Structures are given as C-alpha cells and as structure tokens.
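Q: In the working numbering, the protein residues as written are -3 to 318.
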Amino acid sequence: MEGGESVEDNSKSDDKMVKKEGWVLKQGPPPWKTWKKRWLVLTPTGLSYFSPKGKENKFSLKGSVPATMIATVELMAINKKKGIFGFKVDVPTRTYIFAPQPEKLQLSEKEAQGWRKQVQKVGTLTKKKKKREEKRMLTNPSHAQALYLPLTFFEPSRLQSVSQELEPLSPRAEASARMSRSQPPPTTSSSAKKGSSRHSREKEKEGESKERDRGDREREKKEDKDRKPRHRTGSKDKRSPEGGAKSDGKGRTSERERAKSELKRIDEERKAEIEQVVEKYLKKRDAIIDALVAKEISLIVESHEHEKQAILAQIRVKSIQL
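1) Can you tell me whether W19 is buried or exposed? The criterion is at least 16 other CB atoms within 10 Å of its CB, across all chains shown.
2) Just how far apart, CA to CA, sit E70 and M175?
3) Just the Cα atoms here: how many angstroms apart are V87 and S104?
4) Does W28 pass the burial test, meaning 16 or more other C-beta atoms within 10 Å, or should it be called exposed?
5) Could you tell me whether the Cβ atoms of L38 and K15 are closer together than 9 Å?
6) Should W31 and A95 be called a contact, given that it needs their Cβ atoms to be closer than 9 Å?
7) Taking the beta carbon of P40 as the centre, do at least 16 other beta carbons fall within 10 Å, making it buried, or is it exposed?
8) Measure the Cβ-Cβ separation of L21 and A63 and say whether it is below 9 Å.
9) Taking 7 Å as the limit between beta carbons, can you name the residues of its chain near G119, skipping five residues before and five after?
10) So, helix, strand or coil for P237, using DSSP?
11) Is Q97 helix, strand or coil when you go by DSSP?
12) Whole angstroms is fine: what's the gap from E61's alpha carbon to G82's?
13) Looking at the secondary structure, which residues open and close the alpha helix (DSSP H) in which R119 lies?
14) Roughly how many angstroms separate the alpha carbons of P100 and K78, rounded to a whole number?
15) Alpha carbon to alpha carbon, what distance is there between K58 and E200?
16) Under a three-way DSSP split, which group does T64 fall into?
17) Whole angstroms are fine: how far does the CA of T91 sit from the CA of P25?
18) Look up K16 in the DSSP assignment and say whether it is helix, strand or coil.
19) Alpha carbon to alpha carbon, how far is K49 from K117? Give it in angstroms, no decimals.
20) Using DSSP with H/G/I as helix, E/B as strand and the rest coil, what is G203?
21) Measuring only the C-alpha atoms, how far is K124 from E207?
22) Between G211 and chain D, is any beta-carbon pair separated by less than 9 Å?
23) Taking the beta strand (DSSP E) that T39 belongs to, which residues open and close that run?
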C-alpha cells in the first residue's frame, strides 16, 4: 500500500494478530525532529515501524514500542490550518509522534483518532493483564518464584551460559532425569546420622577458628599500616601501555569492550528503552528483581530475536558499571 491509501483496521487478522497497520509520517527524536515515512504495525505486544527498502518494496524494521511501556496516547494537531492531525505515544524514556497519511486530507483527524483508540486499547489490555499476573503471583507463591530473577542472573558468566541452559534436554537425558526423580531417597541409619551431625559440628568449629585467625591477621595489617608514615604520591596513569581502555582491576576490560562493540548493532531508541529498564532496577541491589521488570526485558528480547546477543551485552555492561 502506498502513501496515499487509507490506514486499514486489520483486527480480524488472527494469523498475525495485527490490530492496525498503514503508512504514517514519524517525527524523529530531538534536536532534528525530521519527518520520515514509515509503515506502522500495531499488535497485542506493541507498535513496530518499518522503512521501505529497495525497488522490491521490502521492509526493514527501524524500531518498536513495547505495549508494557505505553503510558498515555493523545490526539494532537500537527498543522491545524491545513487540517493535519496525528497522535503521540508517551513511554518512560521518550515521546513518539506519528501522523497518519489518509487518502484524503479531510480524513486526517478521523484516521489519527482511530489510531489513538486502538493503541490506547492495547496499552490498557496489557496493564490489566499485568495486574492479573500480579494477583496470580500473590495467590500462587510457586508461580511467583518461577518468574523472579536473582541479581546473579545478570552476571557476565551467567549471561554467557543462558542459551545453553535454555536448550531442551535430549530424549536420553530427559528419561534419565525422570528415573532419578521417581527413585526414593536413600535411607540413613541412626549411627550414620550421628556421625554426620558430629562431623558437621567439627566443621563449624574449624570454620569459626579460621574466621578468628583471619580477623586477627586483618587487625595486625591495619595496625602496621597505621604505624607506617604516609607519603603523598602523584597521580598515575591508569591507562594500559597500549593506550587502551581503563581496566577496573577485575579482568573485565576485554569483556566490556566486546560488549560495547556489540551495542553498535542496536537501534538508539531500543537502547534507551533497555537502559531505562536495567538502570532503574539494578540500582536497587535487591535480592530479587521484580517479576514484571524481568518480563519487560524478556519482551524486548523476544521482539528483536535477531539482536538478542547485542541486547544481552547492553545488560551486561550496565551490571558491570553498577
């Protein structure tokens, strides 16, 4: 469909779950705020916009707005004298502005109003779904525990092995796991239990002794350090001999540089979305991350599966910096 045709409502497209799609003009982020032609698609998961590519009229994904991040949707007058209307979508990180391109200019306000209602409906349904999930997690602790992610999930070593852990088991491994679950736990005699408890008490005493020795050594080091005269030293260059990036002393320089190179493949708008979610919740340093935030991150990853590694790299960089 070309730019002069009307935006159509495709809410009955059950195969692709497309609620609405059509040509629009999208305003770029400040300071330029240039208008560019985009093909806009609304689904239950959010908004996605594409740019035409090549003579074959193929499309290239330029960005998306997850439904979970839609705050408000409002109708706005782009040019009131000419009768050009659009709608704006507010998310925590920025504001998106779209102007539909109907067949006739007189239909501009009607088309923009139709888009506004559909986008607002998707955002409202998503919020209701989130509330139902919160209620289900409160009534079913096992379900809530399954959705919560510990902070250690975002450690670099953990992220590198996520894909391997999510791979399905082979038929042989799955059968072996079922057999191990079906077998009863081994019984222990009373004498074995007594020996085990005695051994555990000895281990505890040994651990306490080591802890006291460690504390004594630390106090001695501190006293020696206080007795030594302090000399003012000049600033040292913390950069590597090759002029590379500054090392944090934990062997993470190469990891960070590798992650930054991967970030170049992420669209700037999606990078801002991911950074807003990650910074907001990693700074809390809680024992667990809110289940809804974990779902927001997973939705971003699912929406851009072809850039999954780059998105995980963004999360890895933020966890290292914090």
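All residues carry an ideal CB built from backbone N, CA and C; glycine is no exception. Remember, predicted model here, so these are calculated numbers, not experimental data.
A: Answer, in terms of the structure:
1) Counted from its first residue, the sequence shown places residue 19 at position 23. Label assigned to W19: buried.
2) If you number the sequence shown from 1, residue 70 lands on position 74. If you number the sequence shown from 1, residue 175 lands on position 179. E70 and M175: Cα-Cα distance of roughly 58 Å.
3) Position 91 of the sequence shown, counted from the first residue, corresponds to residue 87. Position 108 of the sequence shown, counted from the first residue, corresponds to residue 104. Going by the C-alpha atoms only, they are around 24 Å apart.
4) As a working mapping, residue 28 is identified with position 32 in the sequence shown. Its Cβ having fewer than 16 others within 10 Å, W28 is exposed.
5) Residue numbering aside, residue 38 sits at position 42 when the sequence shown is read from its first letter. Residue numbering aside, residue 15 sits at position 19 when the sequence shown is read from its first letter. The beta carbons of L38 and K15 sit closer together than 9 Å.
6) The sequence position of residue 31 within the sequence shown is 35, counting from 1. The sequence position of residue 95 within the sequence shown is 99, counting from 1. Yes, Cβ-Cβ distance for W31 and A95 is below 9 Å.
7) Translated into the one-based positions of the sequence shown, residue 40 becomes position 44. Exposed: under 16 other Cβ atoms inside 10 Å.
8) In the sequence shown, the residue the question calls residue 21 occupies position 25. In the sequence shown, the residue the question calls residue 63 occupies position 67. At the C-beta level, L21 and A63 stay beyond 9 Å of one another.
9) For the purposes of this step, residue 119 is taken as residue 123 along the sequence shown, with counting starting at 1. Within its own chain, the residues whose Cβ lies closer than 7 Å to the Cβ of G119, once the five positions on either side in sequence are excluded, are A63, I66, V69, listed in chain order.
10) To locate residue 237, count along the sequence shown from 1; it is residue 241. Unreliable placement is indicated for P237, whose pLDDT of 38 sits below 50; no coordinate value is reported for it.
11) Working through the sequence shown from its first residue, we reach residue 97 at position 101. Under the three-state reduction of DSSP output, Q97 falls in the coil class, being neither helix nor strand.
12) Here residue 61 refers to the residue found at position 65 of the sequence shown. Here residue 82 refers to the residue found at position 86 of the sequence shown. Just to set this straight, residue 61 is Val in the shown sequence, not Glu. Going by C-alpha positions, V61 is about 17 Å away from G82.
13) As a working note, residue 119 is residue 123 in the sequence shown. For the record, residue 119 in the displayed sequence is Gly; it is not Arg. For G119, the enclosing alpha helix (DSSP H) has its first and last residue at 104 to 135.
14) The count along the sequence shown starts at 1 and reaches residue 100 at position 104. The count along the sequence shown starts at 1 and reaches residue 78 at position 82. With the sequence shown as reference, residue 100 is identified as Lys, and Pro is not the correct amino acid for it. Annotation: K100 to K78 spans about 12 Å, alpha carbon to alpha carbon.
15) Start at 1 with the first residue of the sequence shown, and residue 200 comes out as number 204. Start at 1 with the first residue of the sequence shown, and residue 58 comes out as number 62. E200 and K58: Cα-Cα distance of roughly 59 Å.
16) Residue numbering aside, residue 64 sits at position 68 when the sequence shown is read from its first letter. Residue state, collapsed to three classes: helix.
17) Translated into positions along the sequence shown, residue 25 becomes position 29. Translated into positions along the sequence shown, residue 91 becomes position 95. Roughly 8 Å separates the two Cα atoms.
18) Looking up residue 16 in the sequence shown gives position 20. In the structure shown, K16 adopts extended strand secondary structure according to DSSP, grouped into three states.
19) Numbered from its first residue, the sequence shown carries residue 117 at position 121. Numbered from its first residue, the sequence shown carries residue 49 at position 53. The alpha-carbon atoms of K117 and K49 are separated by roughly 31 Å.
20) Numbered from 1 along the sequence shown, position 207 holds the residue referred to as residue 203. For G203, the secondary structure class from DSSP, reduced to helix, strand or coil, is helix.
21) Numbered from 1 along the sequence shown, position 128 holds the residue referred to as residue 124. Numbered from 1 along the sequence shown, position 211 holds the residue referred to as residue 207. If I take the Cα positions, the gap works out to 52 Å.
22) Here there is only one protein chain, and chain D is not present.
23) Numbered from its first residue, the sequence shown carries residue 39 at position 43. Residues 31 to 39.
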